[in-house]
Structures are given as C-alpha cells and as structure tokens.
Amino acid sequence: MRIGMIGLGRMGANMVRRLLKGGHGCVAYDRSAEAVKAVAAHGARGAATPAELVSSLPAPRVVWIMVPAALVDSVIAELRPLLARGDVLIDGGNSYYHDDIRRATELGSAGIRYLDVGTSGGVLGFEQGYCLMIGGEAEAVALVEPALATLAPGGRLPPGGATTADAGGRGSAASRAAAALGYLHCGPSGAGHFVKMVHNGIEYGLMAAYAEGLNVLAHADAGRTTATADAETAPLAEPRFYQYQLDLAAIAEVWRHGSIIASRLLDLTAAALEKDAQLGGFAGHVADSGEGRWTVQAAIEVGVPAQVLSAALYSRFESRGRAEFANRLLSAMRLGFGGHVERSP
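Residue numbers (the numbering used here): 12 to 356.
Right, dumping it as structure tokens:
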C-alpha cells in the first residue's frame, strides 16, 4: 500500500524505512528539508508541504502523523481541509486518549476516519519492529493492516492474511494471532493510546526498579568508608556486611542470560554500564512525557491502587530538582526543633 508519513524524527524516519523495506510506498514530509532528503535517499517520495503529500496519495488516502503530542492538533487542522470522506488519519505518537476521542468525533463528522496507534519500539524499531496498540473503527484498521503488519515485529499478516472486518466488526487485527505478531486492535477510539499510556506507566516502574536495585549494589561498599561519628549521621551498624566492590556492568550482563528479570530495558542498561560504568555523561535529570501522569490519574479516577507506578513518577519529578524546596524545609524544621545543623553531602 501507499502511505503518507508526517514527522520524520527518531521514530518516524525509521518507520518509513521499515515500510519501504516491506514493499510499501511512502510519501514523507517534515518541516526539516534535511529529514525529508534523508528518507528520500532510501526510496521514499519527499513532499515539500502537507498538501503535496496528500495529493501524492491514492484514495482512500492514509496519512500517519508522528509528531509530539502538543503539535498533533495543529497538524490535523492543516490536514483536515485536504482530506476527503473515507480517508484515514493515524496518530502514532503519545497523545492523551481523551484527545483521541474528541478528534475521532470531529473528524468523523467529515467522514474522515481516525486511528490512534500507540507505538513502542523507539530507535530499535527499524530492525526489531514496533509494538502497535490500535484504537478506532475496525474497517479503518482493516484498510491499513498491511502497513501495521509490516511495522510490527512479526513483519507479516496473521495466518490466512485476512484484512477485512467480519460481520461482527472484528478484523484480524483484533485477534490473538495479530497480537502474537506485535500489533493489536485494542478497541474503539482512544483505546490504543490508553493501552500505550499504561504501557509507559509500567515502563516507568520497571526502569525505577532496575535503577534502584543497581544503586543498592553500587553502594554495597559502604562499610569500607570511615563514617563520621556525630549526632547528625545514622551509623552503619555492621560495616563488615558491606565490603563489596561490585562490577555493575558484569552483573547487568549476567542478569541478561537466563535470569527471570531479563528484558530489553536490562539489555539497554547493560550496554550503558559497559560503555561507562560511572555514567558520567548523564546528569540524572529524568523527564516524563505525560503518559506516567495520565496512568496515575486514570488509576485514581477508577479507584485502582498503583503504588509502584506513582512512586516511579514522583521519582522523576524529584530528579529534576522539584523536591529541593521541600528538602530545605526539612532541614529548617530539624534545625528549629533540635538544633540540627545541616551537613554537606
């Protein structure tokens, strides 16, 4: 099939390359002419404007947007007058699912079909494929399923190759066979990004668990340091139990082989530690792009406990200095009630 891609950043450009490799035609646009030129070198047709991109696609047109969530509405506003009834518009970024429900309704009034596709795979997706979580109408999903199947890790359609919705409104993309290949029609509008939102909330928790556990190992030599004996410092009761100087890169590597906690995140962790065991190129300022917040908010609204995901989100806030004022207040209170003078780290 022939598909248009708007947004050629870290993921969008590689998605174009994977589609091309899978035999699809791609028309690509980005505000960066250099980004367009780069994918054109791989066989995509470059477009100088969104209007040129749309005019280069056969009806029904399929346009995939891979831009930051804050830019999606402005891109849709530019595309809407260019699209016609029956066309499909896909948002593959990390939009809030509430926005998907609104957009599907607004676009649906003009006969434009909207799909929200949670896309996981990052910079590794070109080689390894993208996990795709899809929301929207089954008929629209069936229309674009060949592209979804190519982008997914399985790189092919489910057995039988069915790509049309059945009488019950369920297409092959809603099947376990599709899920086993790495893509799934999760439900109506918003469902794809809702599932991806929770996926990213879980990712926060997993990342925090690896980081905290390895941090404990990094300080397993605490007993080798002579601690100052004063009223401000809790003593280490048994220094002899903390005499280990551990090779964290080697530990992360051995965990990758046969361990129950092996994962792609652990693979990336091991690679980072092998490159620089002290991680000197990082300041520890950990951003969040919104999905963790939305996951915790959803948990609160439906009354579901999510202690680990919440703690991981708050840890990211703290990494950015958002706890600094609170910590100064703690020091001020200790000085006030006990005369405790703050010690330097």
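Glycine included, C-beta positions come from ideal geometry on N, C-alpha and C.
Using a Cβ distance threshold of 8 angstroms, I145 and A184 count as a contacting pair. Beta-bridge pairing by DSSP links I76 to I17 and D102. In the three-state DSSP reduction, G212 falls in the helix class (H, G or I). The DSSP-derived three-state label of G203 is helix.
With contacts defined by Cβ atoms closer than 8 angstroms, V227 and T306 do not form a contacting pair. Judged by DSSP in its simplified three-state form, Y40 adopts strand.
Judged by their CB atoms, G166 and G23 are not nearer to each other than the 8 angstroms cut-off. In summary, N211 is buried, with 16 or more beta-carbon neighbours lying within 10 Å of its beta-carbon over all protein chains present. Each residue's CA atom was taken as its position, placing L195 and R187 some 8 angstroms apart.
Our two residues, G198 and L159, have alpha carbons roughly 16 angstroms apart in a direct line. Around the beta carbon of N338, a 10 Å sphere encloses fewer than 16 other beta carbons of the protein chains shown; the residue is thus reported as exposed. Non-local C-beta neighbours of L118 in its own chain, meaning closer than 6 angstroms and more than five positions away in sequence, comprise Y125, ordered along the chain. Counting only runs that start and end inside the segment 108-179, the alpha helix (DSSP H) elements of at least 4 residues fall at 108-119, 136-139 and 149-162. Residues L247, P250, R251, F252, Y253 and Q254 of the same chain have their beta carbon placed closer than 7 angstroms to that of G234, with the five preceding and five following residues left out of the count.
Annotation: A59 to G147 spans about 29 angstroms, alpha carbon to alpha carbon. Straight through space, the alpha carbons of G103 and V83 are spaced by roughly 10 angstroms. Only residues of its own chain outside the window of five on either side were considered, and among them A188 have a CB closer than 8 angstroms to the CB of P170, listed in chain order.
Judged by beta-carbon spacing, T280 lies within the 8 angstroms limit of A263, meaning their Cβ atoms are closer than that value. Here V313 is exposed, its C-beta having fewer than 16 other C-beta atoms within 10 Å. By the criterion of a C-beta distance shorter than 8 angstroms, Q139 is surrounded in its chain by G132 and P164, once the five residues flanking it on both sides are discounted.
The secondary-structure analysis by DSSP pairs H196 across a beta bridge with I145. When C-alpha distances from P356 are compared across K286, R275, G350 and S342, the shortest belongs to S342. Bridge pairing for R56: V38 [DSSP]. The Cβ-Cβ distance between I76 and I112 does not fall below 8 angstroms.
Contact between L277 and Y215 does not hold, since their C-beta atoms are separated by about 15 angstroms, which reaches or exceeds 8 angstroms. In the three-state scheme derived from DSSP, where H, G and I count as helix and E and B as strand, E285 is classed as helix. At least 8 angstroms separates the beta-carbon of T130 from that of H35. Here V47 is buried, its C-beta having at least 16 other C-beta atoms within 10 Å. At a Cβ-Cβ threshold of 8 angstroms, L19 and V50 count as neighbours. A direct Cα-to-Cα measurement between Y108 and D127 gives close to 8 angstroms. With contacts defined by Cβ atoms closer than 8 angstroms, E243 and R333 do not form a contacting pair. With 16 or more other CB atoms across the displayed protein chains lying within 10 angstroms of its CB, L154 is buried. For A322, the uninterrupted alpha helix (DSSP H) run begins and ends at Q318 to S330, by DSSP. With 16 or more other Cβ atoms from the protein chains shown falling within 10 Å of its own Cβ, A323 counts as buried.
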